[in-house]
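Q:
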Amino acid sequence: MCYAIPGKVVTIDKKIATVEYFGEAKQAINEFDDLKVGDYIYAQGGYVIKQIPEAEALSILATWKETFFQLHELDLRLSRMDLDKTGIDKKLAVILDKAAEDLPLKEADLLHLLNLEGDKELEYLFKIANFLRQKHLGNSCCVHGIIEFSNYCSQGCAYCGISTHNKGIKRYRMTKQEIIDTAYEAIEKYGFKALVLQSGEDPHYSVDDLADIIREIKNRSAVLIFISFGEVGLAGLKKLYGAGARGLLMRFETTNPELFAKLHPGRTIKTRLAHLEEAFKLGYLIITGGLVGLPGQTKEDILKDILLTKKMNTEMYTFGPFLPHPNTPLKDAPPPPVRDVLKTLAVARIADAKNAKIVVTTGFETLHPKAREEGLVAGANSVMLNVTPAKYSQNYTIYPDRAHSGESLQEQIDETLGILRGLGRAPTDLGVTNA
Ligand code: SAH
704 MCYAIPGKVV
714 TIDKKIATVE
724 YFGEAKQAIN
734 EFDDLKVGDY
744 IYAQGGYVIK
754 QIPEAEALSI
764 LATWKETFFQ
774 LHELDLRLSR
784 MDLDKTGIDK
794 KLAVILDKAA
804 EDLPLKEADL
814 LHLLNLEGDK
824 ELEYLFKIAN
834 FLRQKHLGNS
844 CCVHGIIEFS
854 NYCSQGCAYC
864 GISTHNKGIK
874 RYRMTKQEII
884 DTAYEAIEKY
894 GFKALVLQSG
904 EDPHYSVDDL
914 ADIIREIKNR
924 SAVLIFISFG
934 EVGLAGLKKL
944 YGAGARGLLM
954 RFETTNPELF
964 AKLHPGRTIK
974 TRLAHLEEAF
984 KLGYLIITGG
994 LVGLPGQTKE
1004 DILKDILLTK
1014 KMNTEMYTFG
1024 PFLPHPNTPL
1034 KDAPPPPVRD
1044 VLKTLAVARI
1054 ADAKNAKIVV
1064 TTGFETLHPK
1074 AREEGLVAGA
1084 NSVMLNVTPA
1094 KYSQNYTIYP
1104 DRAHSGESLQ
1114 EQIDETLGIL
1124 RGLGRAPTDL
1134 GVTNA
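Set out below in structure tokens:
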């Protein structure tokens, strides 16, 4: 099982390696001192993560080649713009024509898109988003893994089912060794090249403990590690980068300051954003975004969330629905309609057409059984699989009835690859296309 295709290094300019994949050049940051032109490598999130022997690379490429072009053909066919404009509002047609031609849209135009309700209009919007995804980023689809190693949390976020509000939850913590072994198995047995380590804000693990875990995982295997432990402080971010973490997954949740303050007692949007900014400065890849459908949230708020995500040079957008958890203060608030999540993905794609990796979240899959199939053709190009041992992940109940809960990793992989194959997507992460 493999989630990246080997590429051949064709040039190295300081820290930037240009890597060729079936004739297409991409760029990746190189941190290996001994990397040479002609070497074969794996890249993830725009980083070279592993050098591989030529013979191994050539044999993997030989098995991939035919499939790669078949998938590419299928994706091209599915993302063609066979648009039926009859009955479409003229204003909408003008906005979407501009989007399709990569002309910048005004904020008012993007807001108009977020406010669309008609089936026909929405279909049109999603098609343009899918067309832009294909045009700029091709058929590659990131498949990252996530290990949720502790559901203890010291915070009282009003929506979250692992917050201090939930007194009825069975709490768990994985030991250092369990975390390291789980990562090892995900990388070596299942072929993951990028892993997110996530937990509640659990003071049981010091920053030094977390740094040790990251160092140990990286010593044993080649992998891109994203951290998602909440607010570890700016010094904490630095230490964890030093240990080898190269990505931060942290949603700002909502940019509306009043809403943020109401939902996160004792916390401020300012500090949350400071973490994201500092992490970016340190060199972390950023995965961020917000919740869609929070009580009191407006479409204007969601637009601001999308635009802020873009402004933060985000590597991957993560926007998922708010889902009410019965043991939290927001237990009676309704989740958003499915179309609101799809519209958010599509508008994010249109707002950041050339760069955005956009993930279909597990929250969205929990809200809607066809979330992946529909999200991936509405602008998204990424999925995340849960590699937490099942006995633990069933208690990581940030919201109830999480999709894939209790499924084995192999079942999740098979299902995901089936969906990707059906849509002509290749489970890869090849870095940035050479402009
Ligand atoms: N402690 C980490 C991880 C938090 S849990 C941090 O602070 O970043 C991961 C994500 O789950 C959160 O960022 C939040 O957006 C999401 N989440 C929590 N409760 C949710 C709910 N009820 N519905 C949907 N998403 C939820």
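Count along the sequence shown starting at 1, add 703, and that's the number in this note's numbering. For each residue, glycine too, the CB sits at the ideal point set by N, CA and C.
#1: So is the beta-carbon of C845 under 7 Å away from any non-hydrogen atom of ligand 1?
#2: By how many angstroms is the C-alpha of D800 removed from the C-alpha of L786?
#3: Look at the alpha carbon of R1128 and the alpha carbon of G969, and state the distance between them as a whole number of angstroms.
#4: Is H1140 near ligand 1, judged by its Cβ being under 7 Å from some heavy atom?
#5: Give me the residue from Q880, G993, Y908 with the minimum Cα distance to R923.
#6: Looking at C-alpha atoms only, which residue of L1045, P1130, V1050 is the closest neighbour of V1086?
#7: So, do the segment 710 to 719 and the segment 739 to 756 have three or more beta carbon pairs nearer to each other than 8 Å?
#8: With a Cβ-Cβ cutoff of 8 Å, do V1041 and L1070 count as a contact?
#9: Examine ligand 1 and report whether any of its heavy atoms sits within less than 7 Å of the Cβ of E956.
#10: Any heavy atom of ligand 1 inside 7 Å of the beta-carbon of Q1113?
#11: How many angstroms separate the CA atom of F955 from the CA atom of F929?
#12: Have a look at F1022 and A720 and give me their C-alpha separation to the nearest angstrom.
#13: Given that a residue counts as buried once 16 or more other Cβ atoms are within 10 Å of its Cβ, and exposed if not, what is R975?
#14: Under the rule that 16 or more other beta-carbon atoms within 10 Å means buried, what is E759, buried or exposed?
#15: Do V1050 and I1009 count as a contact pair if the criterion is CB distance below 8 Å?
#16: Does the beta-carbon of P1039, which I'm using as the reference point, lie nearer than 7 Å to any heavy atom of ligand 1?
#17: Just to check, is the beta-carbon of G933 closer than 7 Å to a non-hydrogen atom of ligand 1?
#18: Could you spell out the range, first to last residue, of the beta strand (DSSP E) harbouring N1089?
#19: Do D1004 and T957 count as a contact pair if the criterion is CB distance below 8 Å?
#20: Where DSSP assigns a beta bridge to M953, which residues make up the other side?
#21: For ligand 1, I want to know if E826 counts as a neighbour, meaning its beta carbon is within less than 7 Å of at least one of the ligand's heavy atoms.
#22: Count the other CB atoms within 10 Å of the CB of K809; is the residue buried (16 or more) or exposed (fewer)?
#23: Roughly how many whole angstroms lie between the Cα atoms of G726 and C844?
#24: Take every Cβ of the segment 819 to 829, pair it with every Cβ of the segment 788 to 796, and state whether three or more of those distances are shorter than 8 Å.
#25: Indicate the three-state DSSP secondary structure (helix, strand or coil) for P960 in the structure shown.
#26: Measuring only the C-alpha atoms, how far is D716 from I865?
#27: Between P1032 and H868, which are expected to be in contact by the criterion C-beta below 8 Å, what is the C-beta distance as a whole number of angstroms?
#28: To which residues does DSSP link Y750 through a beta bridge?
#29: Can you give me the start and stop residues for the beta strand (DSSP E) that D805 sits inside?
#30: For the alpha helix (DSSP H) that contains T971, what are its first and last residues?
#31: State the start and end residues of the unbroken beta strand (DSSP E) segment that holds A720.
#32: Looking only at its chain, what residues have a beta carbon closer than 6 Å to the beta carbon of L1123, apart from the 5 residues adjacent to it on each side?
#33: Could you tell me if the beta carbon of L988 falls within a distance shorter than 7 Å of some heavy atom in ligand 1?
A: Well, looking at it:
#1: Sequence index remark: in the sequence shown, residue 845 carries index 142 (1-based). Answer for C845: no, Cβ out of range of ligand 1.
#2: Position 83 of the sequence shown holds residue 786. Position 97 of the sequence shown holds residue 800. Spanning the two alpha carbons is a distance of roughly 11 Å.
#3: In the sequence shown, residue 1128 corresponds to position 425, counting from 1. In the sequence shown, residue 969 corresponds to position 266, counting from 1. One C-alpha to the other measures close to 43 Å.
#4: For the chain, the structure presents residues 704 to 1138; residue 1140 sits outside this window and is missing.
#5: In the sequence shown, the residue the question calls residue 923 occupies position 220. Taking only the C-alpha atoms, the option nearest R923 is Q880.
#6: Reading the sequence shown from its first residue, position 383 is the one you call residue 1086. Of the candidates L1045, P1130, V1050, the one whose C-alpha sits nearest the C-alpha of V1086 is P1130.
#7: yes
#8: Here residue 1041 refers to the residue found at position 338 when the sequence shown is read from its first residue. Here residue 1070 refers to the residue found at position 367 when the sequence shown is read from its first residue. Yes.
#9: Numbered from 1 along the sequence shown, position 253 holds the residue referred to as residue 956. Yes, the Cβ of E956 comes within 7 Å of a heavy atom of ligand 1.
#10: Position 410 of the sequence shown, counting from 1, holds the residue named residue 1113. No, ligand 1 has no heavy atom inside 7 Å of this Cβ.
#11: Taking the first residue of the sequence shown as position 1, residue 955 is located at position 252. Taking the first residue of the sequence shown as position 1, residue 929 is located at position 226. C-alpha separation (whole angstroms): 16 Å.
#12: By one-based count along the sequence shown, residue 1022 stands at place 319. By one-based count along the sequence shown, residue 720 stands at place 17. Rounded to the nearest angstrom, the two C-alpha atoms are 31 Å apart.
#13: Taking the sequence shown and counting its residues from 1, the one referred to as residue 975 is at position 272. Buried.
#14: On the sequence shown, residue 759 is found 56 positions in, with the first residue counted as 1. It is exposed - the Cβ of E759 has fewer than 16 other Cβ atoms within 10 Å.
#15: Locating residue 1009 in the sequence shown gives position 306, where the first residue counts as 1. Locating residue 1050 in the sequence shown gives position 347, where the first residue counts as 1. For I1009 and V1050, yes; Cβs fall inside 8 Å.
#16: Sequence index remark: in the sequence shown, residue 1039 carries index 336 (1-based). It does not: the Cβ of P1039 is nowhere closer than 7 Å to a heavy atom of ligand 1.
#17: The count along the sequence shown starts at 1 and reaches residue 933 at position 230. Yes, since a heavy atom of ligand 1 falls inside the 7 Å radius drawn around the Cβ of G933.
#18: As a working note, residue 1089 is residue 386 in the sequence shown. Counting along the chain, the beta strand (DSSP E) containing N1089 begins and ends at 1085 to 1089.
#19: Locating residue 957 in the sequence shown gives position 254, counting from the first residue. Locating residue 1004 in the sequence shown gives position 301, counting from the first residue. Yes, the pair counts as a contact, with Cβ atoms nearer than the cut-off.
#20: Position 250 of the sequence shown holds residue 953. Note: M953 sits in no beta bridge, so no partner.
#21: Residue mapping note: residue 826 aligns to position 123 of the sequence shown, counting from 1. Every heavy atom of ligand 1 is 7 Å or more from the Cβ of E826, so no.
#22: Position 106 of the sequence shown, counted from the first residue, corresponds to residue 809. With fewer than 16 other Cβ atoms within 10 Å, it is exposed.
#23: For this step, residue 726 is matched to residue 23 along the sequence shown. For this step, residue 844 is matched to residue 141 along the sequence shown. Near 18 Å, if we compare the C-alpha coordinates of C844 and G726.
#24: yes
#25: Locating residue 960 in the sequence shown gives position 257, counting from the first residue. If DSSP states are grouped into helix, strand and coil, P960 belongs with the helices.
#26: The residue given as residue 716 occupies position 13 in the sequence shown. The residue given as residue 865 occupies position 162 in the sequence shown. Cα to Cα, D716 sits roughly 46 Å from I865.
#27: By 1-based counting over the sequence shown, the position of residue 1032 is 329. By 1-based counting over the sequence shown, the position of residue 868 is 165. The pair is a contact, with the Cβ atoms about 6 Å apart (cut-off 8 Å).
#28: Taking the sequence shown and counting its residues from 1, the one referred to as residue 750 is at position 47. Answer is I732, Q747, bridged to Y750.
#29: As a working mapping, residue 805 is identified with position 102 in the sequence shown. Element bounds for D805: n/a, residue is neither H nor E.
#30: Here the question's residue 971 lines up with position 268 in the sequence shown. Where T971 is concerned, there is no enclosing alpha helix (DSSP H), given that its DSSP letter is neither H nor E.
#31: As a working note, residue 720 is residue 17 in the sequence shown. Run containing A720: 719 to 724, per the beta strand (DSSP E) assignment.
#32: As a position in the sequence shown, residue 1123 is number 420, starting the count at 1. Within the same chain, L1123 has close Cβ partners C844, P1130.
#33: Position 285 of the sequence shown, counted from the first residue, corresponds to residue 988. No - ligand 1 has no heavy atom lying nearer than 7 Å to the Cβ of L988.
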